[in-house]
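Structure record follows, encoded as structure tokens.
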Amino acid sequence: MRRIQDAVKEAGMFVVLGYSERDGASLYMAQSFISPEGEIVHHRRKIKPTHVERTLWGDGQADSLNLLRYYEYSQRVQIHVASWPAEFEMPDPEKQSWLYHETGEASYRASQFMAIEGQTFVLVASQIITEANLEKNNLVGNHVTKAPGGGFSMIFGPDGKALCDPVGVGKEAVLNADIDLRDIDYAKTFIDTVGHYARPDLLSLMVNPEAAKHVTTMK
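Number 131 in UniProt numbering belongs to position 131 of the sequence shown; there are no gaps in the numbering.
Rendered as structure tokens:
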């Protein structure tokens with residue numbers, strides 16, 4: 001991580017990095033937000049790993065709640081970075097039964113809807129699978145995986161509009177878009193999920209921001 005931080009500082013970029021983090025004997029699906037100065041300014045772990053992810057990764061705690069959607073919207077998020085694994089189109093049902101929400105198209109649409117629902121820019125960064133790393137990822141002979149493929153990266157505006165051209169599903173690329181944060185204000189005049197569209201008298205969210213600990217030292 002220190003080498004990555006040094007590289008980020010040298011490049012003068014703001015980086016959101018997704019990776020598997022080991023803490024003690026557990027693995028977590030993690031994101032670190034690294035400033036152009038090379039400092040980790042924010043860190044989170046996925047609250048609840050999904051489906052087969054649960055066999056390998058542990059649950060995040062309350063200190064990662066900030067990126068649950070409604071709670072995140074309440075913090076006036078302006079730019080959300082959506083990190084996705086490689087996902088593919090629906091396979092041949094004769095060879096493999098599958099669920100639509102586990103496809104790249106569904107995750108693309110979910111990211112686009114988050115931009116609309118939260119009136120936020122959404123940067124979709126998706127992993128791809130190449131022929132060279134099929135074996136490394138234990139995916140040889142898998143009826144779902146297509147190589148090269150799996151990618152669906154995009155940049156969405158706060159009204160859900162695509163702000164750049166799509167790239168091929170198996171192509172590594174850098175997507176670029178000029179954004180104006182003032183566009184968020186215009187989107188919120190139509191939809192403001194935690195503002196003038198909210199009804200806290202009928203529905204509200206209670207949050208525990210304190211992380212649970214396995215051991216608490218008595219004083």
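Don't be surprised by glycine CBs; every beta carbon is placed ideally from N, CA and C.
8 Å contact criterion, which residue i and residue j should meet: CB distance rounded
i      : j      : result
Gly118 : Val81  : The pair is not a contact, with the Cβ atoms about 13 Å apart (cut-off 8 Å).
Tyr108 : Val124 : 7 Å
Tyr28  : Leu205 : About 24 Å separates the two Cβ atoms, so there is no contact after all.
Val194 : Ser74  : 5 Å
Straight-line Cα distance separating residue j from residue i
i      : j      : result
Lys146 : Asn66  : 34 Å
Asn138 : Ser126 : 19 Å
Glu87  : Gln5   : 29 Å
Asp63  : Val41  : 14 Å
Ile191 : Leu68  : 19 Å
Ala198 : Val207 : 17 Å
Ser35  : Met13  : 7 Å
Gly160 : Trp84  : 18 Å
Thr55  : Phe113 : 29 Å
Pro49  : Glu102 : 14 Å
Cys164 : Glu89  : 22 Å
Gly24  : Val215 : 14 Å
Lys171 : Leu203 : 43 Å
Glu37  : Asn142 : 42 Å
Ala162 : Thr189 : 20 Å
Gly18  : Leu175 : 17 Å
Ala173 : Asp201 : 46 Å
Beta-carbon proximity of residue i to residue j, cut-off 7 Å
i      : j      : result
Arg44  : Gln31  : yes
Ile128 : Gly104 : no
Val8   : Val16  : no
Pro91  : Val140 : no
Ile47  : Phe121 : no
Val169 : Gly149 : yes
Ala106 : Phe156 : no
Gly58  : Ser20  : no
Residue environment, residue i, which counts as buried when at least 16 other CB atoms sit within 10 Å
i      : result
Met154 : buried
Pro93  : exposed
Pro158 : buried
For the segment 183-199 against the segment 208-219, are there 3 or more C-beta pairs whose distance is under 8 Å?
no
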